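Participant: I am attaching a structure below and will ask some questions about it afterwards.
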Amino acid sequence: MSAWPLVHEAVLDPTIEPFVKVHGEPAYSYYGKMPEMNGLMRKAMSGVSVPFMTSVLDSYNRFKGVKQLVDVGGSAGDCLRMILQKHRFIYEGINFDVPEVVGEAPSILGVTHIGGDTFKSIPAADAIFMKWVLTTWTDDEYKLIMENCYKALPAGGKLIACKPVLLDDSNESQRTRALLEGDIFVMTIYRAKGKHRTEQEFKQLGFSAGFLHLRLYRVLDY
Numbered sequence: 001m002s003a004w005p006l007v008h009e010a011v012l013d014p015t016i017e018p019f020v021k022v023h024g025e026p027a028y029s030y031y032g033k034m035p036e037m038n039g040l041m042r043k044a045m046s047g048v049s050v051p052f053m054t055s056v057l058d059s060y061n062r063f064k065g066v067k068q069l070v071d072v073g074g075s076a077g078d079c080l081r082m083i084l085q086k087h088r089f090i091y092e093g094i095n096f097d098v099p100e101v102v103g104e105a106p107s108i109l110g111v112t113h114i115g116g117d118t119f120k121s122i123p124a125a126d127a128i129f130m131k132w133v134l135t136t137w138t139d140d141e142y143k144l145i146m147e148n149c150y151k152a153l154p155a156g157g158k159l160i161a162c163k164p165v166l167l168d169d170s171n172e173s174q175r176t177r178a179l180l181e182g183d184i185f186v187m188t189i190y191r192a193k194g195k196h197r198t199e200q201e202f203k204q205l206g207f208s209a210g211f212l213h214l215r216l217y218r219v220l221d222y
């Protein structure tokens with residue numbers, strides 16, 4: 001809560017990180033040093049991931065042909081567990097996250113936990129899955145992650161990225177308000193330069209990393 005009074009500073013100057021200014025380091029490393037807080041954060045992520053993935057798996061059915069699936073930033077592995085339970089033809093799931101996170105992840109049938117750095121390399125697989133990972137990064141960082149995804153995929157492989165998508169023109173709808181509130185949360189807790197993006201911005205960044213095709217699927221509940 002102590003970072004929230006500094007939101008206005010990040011709006012005026014995006015080089016200011018409210019959480020870092022208060023705690024002296026980024027949120028991920030701060031939580032990583034506090035086992036109790038880190039555990040609470042994982043439970044919170046699981047609490048929002050499970051209902052979200054339920055909606056995704058009810059409305060998205062493009063995993064056909066995938067044998068190996070990497071979840072980049074998969075935390076405790078909840079998303080992979082749910083995907084593998086529904087799509088039994090995926091014989092291997094790789095939960096890829098920073099070492100301190102996967103080191104605490106529970107054992108899941110069919111899932112291998114691998115620690116690493118997305119800015120250096122990503123494990124190879126038929127498909128890559130990401131949920132809410134790219135919002136916290138600048139455009140240059142986003143592009144680098146996308147380039148590493150492209151390198152990790154075979155010809156015909158796919159990247160499945162679950163992201164909030166901003167409308168080109170703002171409006172007063174509840175959905176737009178929720179997206180903009182999410183932007184403020186990211187700016188305050190994670191990265192002042194992080195942001196939600198429009199469909200066109202996603203396309204441009206994807207094309208610049210080597211991806212030639214982008215198809216948008218809407219999860220209406222979210």
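Under full-length UniProt numbering, residues 1 to 222 are what the sequence shown spells out, in order.
We put the CB at the ideal spot given by N, CA and C, even for glycine.
Owing to the predicted nature of the structure, the values given are computational and were not obtained by experimental measurement.
(1) Classify Asn148: buried if its beta carbon has 16 or more other beta carbons within 10 angstroms, exposed otherwise.
(2) Buried or exposed: Leu40, going by 16 or more other Cβ atoms within 10 Å of its Cβ?
(3) Out of Gly74, Val22, Gly157 and Lys131, which has the shortest C-alpha to C-alpha gap to Gly116?
(4) Check the C-beta distance from Val7 over to Thr135 and give it rounded, since I have them as a contact under 8 Å.
(5) Could you name each continuous beta strand (DSSP E) segment of 3 residues or more that falls completely within the region 122-177, going from the start of the chain to the end?
(6) Which same chain residues, not among the five before or five after Gln68, have their C-beta less than 6 Å away from its C-beta?
(7) Rounded to whole angstroms, what is the Cα-Cα separation between Asn95 and Glu104?
(8) Could you pull out every residue in the same chain whose Cβ sits closer than 6 Å to the Cβ of Met82, ignoring the five residues on either side in sequence?
(9) Let me know the secondary structure DSSP gives Val7 once reduced to three states.
(10) Could you check if Met130 is buried or exposed, using at least 16 other CB atoms within 10 Å of its CB as the buried criterion?
(11) In the DSSP assignment, what residue or residues form a beta bridge with Phe96?
(12) Should Glu199 and Asp169 be called a contact, given that it needs their Cβ atoms to be closer than 9 Å?
(13) According to DSSP, which residues form a beta bridge with Thr198?
(14) Along the chain, where does the alpha helix (DSSP H) containing Val186 start, and where does it finish?
(15) Does the separation of the CB atoms of Gly65 and Met146 fall below 9 Å?
(16) Going straight from the alpha carbon of Gly194 to that of Leu214, what length do you get?
(17) Measuring CA to CA, which of Val165, Val72 and Ala3 is closest to Tyr150?
(18) Can the beta-carbon of residue 261 be found less than 9 Å from the beta-carbon of Phe119?
(19) Can you give me the start and stop residues for the alpha helix (DSSP H) that Tyr28 sits inside?
(20) Take Tyr30 and list the residues in its own chain whose beta-carbon comes closer than 6 Å to its own, dropping the five residues that flank it on each side.
(21) Where Gln204 and Asp139 are concerned, what is the direct C-alpha to C-alpha distance, given to the nearest angstrom?
Facilitator: According to the data block:
(1) For this step, residue 148 is matched to residue 148 along the sequence shown. Classification of Asn148: buried, given that the 10 Å Cβ count is 16 or more.
(2) Position 40 of the sequence shown holds residue 40. With fewer than 16 other Cβ atoms within 10 Å, it is exposed.
(3) Counted from its first residue, the sequence shown places residue 116 at position 116. Of the candidates Gly74, Val22, Gly157 and Lys131, the one whose C-alpha sits nearest the C-alpha of Gly116 is Gly74.
(4) Taking the first residue of the sequence shown as position 1, residue 7 is located at position 7. Taking the first residue of the sequence shown as position 1, residue 135 is located at position 135. With a Cβ gap of about 17 Å, Val7 and Thr135 do not count as contacting.
(5) Fully enclosed beta strand (DSSP E) runs of 3 or longer: 127-131 and 158-162.
(6) For this step, residue 68 is matched to residue 68 along the sequence shown. Glu92, Ala125 and Asp126, listed in sequence order.
(7) By one-based count along the sequence shown, residue 95 stands at place 95. By one-based count along the sequence shown, residue 104 stands at place 104. Here the alpha carbons of Glu104 and Asn95 stand approximately 12 Å from one another.
(8) Counting from 1 along the sequence shown, the entry for residue 82 is found at position 82. Only Met53 meet the Cβ criterion.
(9) In the sequence shown, residue 7 corresponds to position 7, counting from 1. In the structure shown, Val7 sits in a helix (DSSP, three-state: H, G or I).
(10) Counting from 1 along the sequence shown, the entry for residue 130 is found at position 130. Classification of Met130: buried, given that the 10 Å Cβ count is 16 or more.
(11) Working through the sequence shown from its first residue, we reach residue 96 at position 96. The partner list for Phe96 (beta bridge, DSSP) reads Val72 and Ile114.
(12) Residue numbering aside, residue 199 sits at position 199 when the sequence shown is read from its first letter. Residue numbering aside, residue 169 sits at position 169 when the sequence shown is read from its first letter. No, Cβ-Cβ distance for Glu199 and Asp169 is not below 9 Å.
(13) Counted from its first residue, the sequence shown places residue 198 at position 198. Leu166, per the DSSP bridge assignment.
(14) Position 186 of the sequence shown holds residue 186. In the DSSP assignment, Val186 falls outside any alpha helix (DSSP H), carrying neither H nor E.
(15) In the sequence shown, counting from the first residue as 1, residue 65 sits at position 65. In the sequence shown, counting from the first residue as 1, residue 146 sits at position 146. It is not a contact, given that the beta carbons lie outside the stated cut-off.
(16) Start at 1 with the first residue of the sequence shown, and residue 194 comes out as number 194. Start at 1 with the first residue of the sequence shown, and residue 214 comes out as number 214. Those two C-alpha atoms are separated by around 22 Å.
(17) Counting from one through the sequence shown, the residue named residue 150 turns up at place 150. Closest by alpha carbon: Val72.
(18) Outside the shown range of the chain, which is 1 to 222, sits residue 261, and nothing can be said about it.
(19) Counted from its first residue, the sequence shown places residue 28 at position 28. Per DSSP, Tyr28 belongs to the alpha helix (DSSP H) from Ala27 to Gly32.
(20) Residue numbering aside, residue 30 sits at position 30 when the sequence shown is read from its first letter. Excluding positions up to five away in sequence, the list reads His23.
(21) Numbered from its first residue, the sequence shown carries residue 204 at position 204. Numbered from its first residue, the sequence shown carries residue 139 at position 139. Straight-line Cα distance between these residues: approximately 10 Å.
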